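In the numbering used here, the protein residues as written are 6 to 253.
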């Protein structure tokens with residue numbers, strides 16, 4: 006059975022979540038931030054990490070300093086991308102340090118990042134979409150993918166694993182994965198055209214992933230991403246799911 010539950014961490018007013026199996030490797034610093042513990046005010050209260058929101062860049066940078074300090078990460082090691090709900094995965098290295106934070110990202114239309122360079126901190130952004138975390142403790146490589154419903158249908162999680170195989174020699178059976186806080190089946194309601202995309206992408210499992218409610222459909226993004234990771238060769242017990250609905 007897959008593992009369920011991320012660990013809640015608190016530092017003063019800051020609250021963020023980590024994956025126990027990742028922490029146990031001693032190899033990777035990581036986390037999923039909450040909205041608590043920052044300096045932003047108004048509609049961005051309080052730990053806003055988005056530069057595209059109605060917030061001052063100074064507040065956003067200070068919020069990054071707060072969360073990075075708690076995780077033991079330097080802000081000059083961050084690497085951002087321009088997310089567009091597609092399935093492109095990019096290898097990043099030392100030349101990409103601080104992209105998106107201290108300088109323009111230059112990594113366009115990309116929703117997945119992988120690296121085997123120590124010290125780089127991959128960053129992706131979420132509202133209710135699914136965060137997918139990857140660690141290969143044997144070859145010491147990491148990956149991070151942003152999987153909205155479009156990314157889940159196009160199986161960006163499996164493509165991230167394949168990219169780690171191709172570039173770093175990852176054996177999927179060695180890989181640890183985390184399915185982060187995101188919208189749950191309880192709240193993810195769609196119309197038939199979106200449900201049909203899932204039926205096409207997961208034909209043998211559509212009845213497990215899709216629940217029809219009148220003229221609407223509820224989709225289980227967590228189960229869909231878990232399924233594609235297992236199809237990519239990950240071991241079920243190496244996958245940790247947060248089981249936390251961000252919409253709730």
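C-beta atoms are modelled at their ideal positions from N, C-alpha and C, and glycine is treated no differently. Because the structure is a prediction, the values reported are computed rather than measured.
- Counting C-beta atoms within 10 angstroms of its own C-beta, residue 92 has 16 or more neighbours from the protein chains shown and is therefore classed as buried.
- Here DSSP, grouped into helix, strand and coil, assigns residue 64 to helix.
- Two segments are said to touch when three or more pairs of C-beta atoms, one from each, lie closer than 8 Å; by this definition the stretch 129-141 touches the stretch 222-241.
- When the five nearest sequence neighbours on each side are left out, the beta carbons in the same chain lying within less than 8 Å of the beta carbon of residue 12 are those of 22, 23, 24, 25, 28, in order along the chain.
- Excluding its 5 nearest sequence neighbours in each direction, residue 32 has C-beta neighbours in its own chain below 8 Å: 140, 142, 145, listed in chain order.
- Contact annotation: the stretch 79-87 touches the stretch 118-129, with at least three C-beta pairs closer than 8 Å.
- Close CB contacts of residue 115 within its chain, under the 6 Å cut and outside five residues either way in sequence, are with 86, 93, 95 (chain order).
- Counting along the chain, residue 161 sits inside the alpha helix (DSSP H) bounded by residues 161-173.
- Judged by pairs of C-beta atoms under 8 Å, the stretch 238-253 touches the stretch 177-184, as three or more such pairs exist.
- One alpha carbon belongs to residue 112, the other to residue 152, and they sit about 17 Å apart.
- Contact annotation: the stretch 204-219 does not touch the stretch 161-179, with fewer than three C-beta pairs closer than 8 Å.
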